[in-house]
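J.:
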Amino acid sequence: MNYKEYKGLDYAQVGKDILQFWKDNQIFEKSVEVREGAPSFTFYEGPPSANGTPGIHHVMARTIKDIFCRYKTLRGYQVKRKGGWDTHGLPIELQVEKELGIKKDDIGIKISIEDYNKKCREAVMRFTDQWLTMTEKMGYWVDMDDPYVTYKNDYIESLWWLLKQLYDKNLLYKGYTIQPYSPAAGTGLSSHELNMPGTYKEVKDTTVVAQFKVKLTGKSGYLFDTADSDDIYILAWTTTPWTLPANSALTVGAAIDYVLIKTFNPYTHLPINVILAKDLVGKYFSEKGKDVDLSTYKEGDKVIPWKVLLEFKGEHLEDIQYEQLLPYIQPLQDEDKAFRVILGDFVTTEDGTGVVHTSPTFGADDFRVAKANGVPPIMVRDENGKDVPIVDKQGRFVKEMGEFGGRFVKEEYYSDQVRNEPDFKPTDVLIAIKLKEENKAFKVEKYEHPYPHCWRTDKPVLYYPLDSWFIATTKLKDRLVELNKTINWNPESTGTGRFGNWLENLVDWNLSRSRYWGTPLPIWRTESGEEICIGSVEELTSELKKAVESGALSDEQRAKNEAFLQSQGTEAFDLHRPYVDEIFLVSASGKVMYREPDLIDVWFDSGAMPYAQFHFPFENLDKYPKSMGGTADDDAKTSFPADFISEGVDQTRGWFFTLHAIAGLLFDSVSFKNVVSTGLVLDKNGNKMSKRLGNAVDPFSTIDTYGPDATRWYMITNAEPWDNLKFNIDGIAEVQRKFFGTLFNTYNFYALYANLDGYSIEQFDRLPKEKLTELDRWIISKVFSLVKEVGEHFDNYNPTKAGRAIQDFVCDHLSNWYVRLCRRRFWQGEMTDDKRAAYQTLQHCLAAVAQLMSPIAPFFGDWLYRNLTEHVREESIAKNTPFKHTSVHFTDWHTYEPSWVDADLEESMQLAQDICSLVHSLRKAHRIKVRQPLTKVLIPVLNEKIRQQIEHVAPIIMTEVNVKSVEFVSDDSGILKKKIKPNFKALGPKYGPKMKEVAGIINGLGAEGIAEIEKEGSLVVAGFTLLRDDVEIIAEDVPGWLVASQGSLTVALDVTITDELRREGIARDVVNRIQNLRKDSGLEVTDKIKVTLQNNNEELAAAIVTNRDYICQEVQAVSLDLTADLNGSATEIEMDEFLLKIKLEVAS
RNA sequence: GGGCUUGUAGCUCAGGUGGUUAGAGCGCUACACUGAUAAUGUAGAGGUCCGAGGUUCGAGUCCUCGCAGGCCCA
């Protein structure tokens, strides 16, 4: 037996068997080895974190990655894929905190940092086994034997080197960012601390709508002209009046409508002109005062008159300057950039005035928008020469704040005793009073709103600038934007939109994290600001030694340094906290430098993997191009940049960004050329999967039940990768039944008959094209078209379209048309050229499909390939032919041979399929079953080309629909009835508005009109000149016949059933019954039989006699007898009009 | 609130550059076909192409504004 035959197929078992084969023979490793010396296709694995268990969405993401790596291997590239683990970061720390039942503050107190980090190190790799199992079972090929691990010293050393490069390029700096800060507790709060229950409380604050006086400049001239006054104010509302002295800008929305209103100040009663958002006018002005004569206003009037002078968009306010509201402190730099109107996207007209008072030191939005617009913050320089905000860390105004100096900005910071004094007034109120008196407040009122409080002290938090280390990504923003345009994003919108827009609005990357388990920032500083950035272990060692020798260290410091030096080369050597915190360096001026306590953002870890995975630049320089300091001779064989990466779309600002930023900043390069960002995997109702809700799909049981291939195939073909996938397990079952079931059946059919005939793959002695039937040449044309199409889809990173094309080919074309129509060729007669042609063709198709599908369904593809080719392996190896490979994953992509593609034939076959479908529907309508032969179908054809195309496939039509002949009626027969339709596409541009009229005329044309336009090529009707191309003419009817039409195709069927045809029909029925009986009796396909029928019907007898040979041949009978009386073992079977007794005996 | 994205049959999805009867598969109903058959064919039922405006002779497709879901940010 050349081919294995199967009774049924357990797809999960196929997965297991093939997996075992891969393991036993190191197929993955070899698939990389066979491409040694070939150009590389570089793939970066985005490292997962093994602190949680893998979910079905990981199978999805990894399938995408795997597909293109396998595809590119088939295309001749060497695809090395190094696995990796992401091991640092907040989620791990939180998990450990939870497990230990501690809070962040307990670290270093209840548990030493050393022990804590040890716990983290264990936790992070906890589910490694499950990850490895999932990876293996789903067939994701990635090198997990030698992965990069972000907590390893080598990895950290590479990161330090990168940070030092940034530092040396002045791209790493210490600045501040606005964070929730609790002055009472003296600490910043993380976002999750603010998410704790009870932190947001309703408070009543004194709020102020302040008047910012506009300066007369060229930009603001139009306002002054309209108002005819110098007193023009922009109104801005704040719930934190204490931040007003720090105001240095006003932010408006470019597209928001604003108005200029003439009115009076309600406190000073002075005439003023104010600017605010149009939508919010009603909040501050009563309808009664509208357009009331302003000259009638007197102090004390309840209704204040007002009048809209002008309406305009926010963009017209940009760059208008105003006078500083509370001029205690001036900006330390860029004074000319302060106190002007800027545009921001966060401005709303929900409350306030549609103008946002902007103090860069006390609001995150404010900070960001000010930075983007070059607006300086209001800060003071302290005794150390350091710039600090106007509120100190205890929450008090600095001394430069005049009468407010030393006051707490929030009344809650005062002791109860002070607050209970009769004269006590909160700072906000004092500021409000001052503004009222100075004609700078338009409205002061109490306002109740939620405000975050510190969970430990119960006091309100401040948004406050805290020190952080930043990467100056904004300095190279334009270059990052440019580089991004060279990346092939899939889908494109993620690149141009989500990512591109974000790059346009980039802010500096805040690198600092005040945590414990992560890569330490390699910067040491003296208290006075001398600092050093360390770029390698070697440099650290030498600085350490210098420090020890300097004599500037205390004994304890020196001892700790020495302890660290001692650890080098031992297991204990560790670049994490707390060990690095216990290193003390000495500055050039001889002062002790302490490590900056921050860790760096874990995203830097993963973004640095292109370098750190190979310990660049300390090792493996040959993997990197010379342009970045590597030593590779050939840039086509380097490991940088990546040709392809893929992760979830939620990584856009995560890994995708950090990869891009580091490569752009340091190497002026992209770090990936093609990227597929994948959508989410939701449950079947479109809800997010979560373990808590119990709707998460377990990848292990899914794979165990349906096998990896059906799981992968379903996920890929159901929705494009970037769309969200509604994961329905029934869909996998359907894919398994429909696609894999059909393909398996097709293989099994081939194997069954090829084995019977002793047919083996003929690799050399192939029949020439002329010996093949139309059907053979058609399916081969189809398979080459498929090869091209699938290749293009994979090249375009669209696996969904590739998979769907393969599926359509297998189900619709190969199985349902080619095999179905060719079955007789396989099961009848001796080995003729025709039969060989059928085997060769089917074998070719199956082998092609095995390869094309293998990137998506790697197990089944290999299973199919191996079943098809195993018996010719040795011969193939000896003769060096394509089937020499033991796995489909080593093969070279199927060559596309255009000479085999016959578009004409593909069209013909489409016509045949359409015609058969029409004939079937006619038979159905007239209740004539297909087993009943009919004389002919008549097909009206209006041109010669169609006629020829149908003639080619006429025999196929005849067998398929059981008619004796296909005939054509041509135009000149004169019996066709034609229909004319307007061709809108052609007519549209010509007639435009007159379309309807013209269409009406065309639809009303009679036979003469149609005849004339066909003959003359044009027709003049009602003043319109119609050309042949302006209309479609189709044959619609053949009078006197049964017709059916679809599009321009019409068929007519002769339904006359003669006696002869009726007998033939009966004979076919008999064949059918006998075949069923054979099958029920468990006979083998090859068994010969003797048949005896009871002769109880005239028609039957006549039918048998006339068609005896035909029946015998069909049912493999050596004899067919009719007897008058059949008793005993006969089976009674129902025919259409009578009962039939049949007896079958196996002929010896 | 912003950026991106999705909305077509009960379900999952197709529907270049606008062209007049909007398709497929699954599911349902009926009838056929079948020595690869847990497959297949034909027919039927099933649609306000999310809504409202607009552009156009003509809109599922283009524009504007909404509604609903999703992701990422604030």
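For the first sequence, my numbering begins at 39 and goes up steadily by one.
Note that beta-carbon positions come from the ideal geometry of N, C-alpha and C, so glycine has one too.
Since the model is a prediction, treat every value here as computed from it, not as a measurement.
1. Please report the distance separating the alpha-carbon of proline 365 from that of proline 283.
2. Cα separation between histidine 851 and alanine 161?
3. Could you check which residue in Tyr451, Asp55, Arg378 and Ala408 has the C-alpha nearest to that of valine 499?
4. Name, in chain order, the residues that DSSP records as bridge partners for alanine 1155.
5. Look at the alpha carbon of asparagine 422 and the alpha carbon of glutamate 565, and state the distance between them as a whole number of angstroms.
6. What number of angstroms, rounded off, separates the C-alpha of aspartate 295 from the C-alpha of glycine 259?
7. Cα separation between leucine 1138 and isoleucine 1127?
8. I need the straight-line Cα distance from arginine 45 to threonine 907, nearest angstrom please.
9. Just the C-alpha distance for serine 709 and proline 560, rounded to the nearest angstrom, thanks.
10. Going along the chain, which unbroken runs of the alpha helix (DSSP H) with 4 or more residues stay wholly within the stretch 261-332?
11. Terminal residues of the continuous alpha helix (DSSP H) containing methionine 1033?
12. Which of the three DSSP states is assigned to lysine 42 in this structure?
13. Using a Cβ-Cβ cutoff of less than 7 Å, which residues in the same chain neighbour valine 828 once the five nearest sequence positions on both sides are dropped?
14. With a threshold of 16 other CB atoms inside 10 Å of the CB of histidine 614, please say whether the residue is buried or exposed.
15. What does the Cβ neighbour count give for histidine 126, buried or exposed, with the cut at 16 atoms within 10 Å?
16. Measuring CB to CB, does isoleucine 1039 end up less than 8 Å from alanine 1060?
17. CB-CB under 7 Å to phenylalanine 654, same chain, minus the five flanking residues each way: which ones, in chain order?
18. Give, in chain order, every unbroken run of the alpha helix (DSSP H) that is at least 4 residues long and sits entirely within the stretch 162-215.
19. Let me make sure I understand the geometry here. Which of Glu587, Glu542 and Gly535 has the alpha-carbon closest to that of threonine 511?
20. Would the stretch 890-900 count as touching the stretch 51-60 if we require 3 or more Cβ pairs under 8 Å?
21. How close, in whole Å, do the beta carbons of threonine 399 and proline 427 come, if the pair is a contact with beta carbons under 8 Å?
22. Can you list, in chain order, the residues of its chain with a C-beta nearer than 7 Å to that of isoleucine 194? Leave out the 5 residues immediately preceding and following it.
23. Using the C-alpha atoms, what's the distance from arginine 911 back to tyrosine 930?
24. Can you confirm whether the stretch 971-983 touches the stretch 994-1012 when touching is taken to mean that 3 or more C-beta pairs between the two stretches lie within less than 8 Å?
25. Starting from glutamate 1074, follow the beta strand (DSSP E) in both directions and report where the run begins and ends.
26. Can you name the residues that DSSP bridges to glycine 226?
27. Below 8 Å between beta carbons: does that hold for arginine 1101 and asparagine 1145?
28. Assuming contact is defined by CB atoms lying nearer than 8 Å, are asparagine 712 and aspartate 681 in contact in what I supplied?
29. Candidates Trp816, Ala470 and Glu361: which alpha carbon is nearest serine 946's?
30. Under a Cβ-count criterion, where at least 16 other Cβ atoms within 10 Å of its own Cβ denotes burial, should serine 550 be classed as buried or exposed?
31. If you reduce the DSSP assignment to three classes, tell me which class glutamate 1183 lands in.
32. Quick one: what does DSSP say lysine 764 is sitting in, helix, strand or coil?
33. Taking the continuous beta strand (DSSP E) assigned at isoleucine 1193, which residues delimit it?
34. As an exercise, report each continuous alpha helix (DSSP H) stretch of at least 4 residues that is fully enclosed by the stretch 823-874, in chain order.
35. Out of Ser853, Tyr797 and Ala888, point me to the one whose CA is closest to threonine 870's CA.
36. If you count every other CB in all the chains shown that lies within 10 Å of the CB of asparagine 303, and 16 or more means buried, which is it?
T.: Based on what the coordinates show:
1. Proline 365 and proline 283 have their C-alpha atoms roughly 7 Å apart.
2. Computed Cα separation, rounded: 53 Å.
3. In this structure, Tyr451 is the residue among Tyr451, Asp55, Arg378 and Ala408 with its C-alpha nearest to the C-alpha of valine 499.
4. Alanine 1155 is bridged to Ile1127.
5. If you take the alpha carbons of asparagine 422 and glutamate 565, they lie about 10 Å apart.
6. Rounded to whole angstroms, aspartate 295 to glycine 259 spans 19 Å at the Cα level.
7. Approximately 20 Å between the Cα atoms of the pair.
8. Strictly speaking, residue 45 in this sequence is lysine, with arginine absent from that position. Rounded to the nearest angstrom, the two C-alpha atoms are 20 Å apart.
9. Between serine 709 and proline 560, the C-alpha separation is close to 24 Å.
10. 319-322, all fully within the stretch 261-332.
11. Methionine 1033 -> alpha helix (DSSP H) spans 1033-1041.
12. In the structure shown, the three-state DSSP call for lysine 42 is coil.
13. Only Ala840, Ala843, Ile844 and Leu890 meet the Cβ criterion.
14. With 16 or more other Cβ atoms within 10 Å, it is buried.
15. Buried is the call here.
16. By the CB criterion at 8 Å, isoleucine 1039 and alanine 1060 fall inside the cutoff.
17. These residues qualify, in order along the chain: Ser196 and Tyr662.
18. Taking only runs of at least 4 residues, the alpha helix (DSSP H) segments lying wholly in the stretch 162-215 are 166-176 and 191-206.
19. Restricting attention to Glu587, Glu542 and Gly535, the CA atom closest to the CA of threonine 511 is found in Glu542.
20. The stretch 890-900 makes contact with the stretch 51-60; the number of CB pairs closer than 8 Å reaches 3 or more.
21. Indeed, because the Cβ distance is near 4 Å, the residues count as touching under 8 Å.
22. The residues are Thr557 and Leu613.
23. Before going further, note that residue 930 is aspartate rather than tyrosine in the sequence given. In a straight line, the C-alpha of aspartate 930 is about 16 Å away from that of arginine 911.
24. Because the criterion of three Cβ pairs below 8 Å is met, the stretch 994-1012 and the stretch 971-983 touch.
25. It spans 1069-1075 - the beta strand (DSSP E) in which glutamate 1074 sits, taken as one unbroken run.
26. In the DSSP secondary-structure assignment, glycine 226 is bridged to Tyr219.
27. Yes.
28. For asparagine 712 and aspartate 681, yes; Cβs fall inside 8 Å.
29. Ranking Trp816, Ala470 and Glu361 by Cα distance to serine 946 puts Trp816 first.
30. Buried, because 16 or more other Cβ atoms sit within 10 Å of the Cβ of serine 550.
31. DSSP places glutamate 1183 in strand when its eight states are reduced to three.
32. Under the three-state reduction of DSSP output, lysine 764 falls in the strand class.
33. There is simply no residue 1193 to check, as the chain begins at 39 and stops at 1186 in what is shown.
34. Taken in chain order, the whole alpha helix (DSSP H) runs of length 4 or more contained in the stretch 823-874 are 837-846 and 858-865.
35. Minimum Cα distance to threonine 870 is reached at Tyr797.
36. That one is buried.
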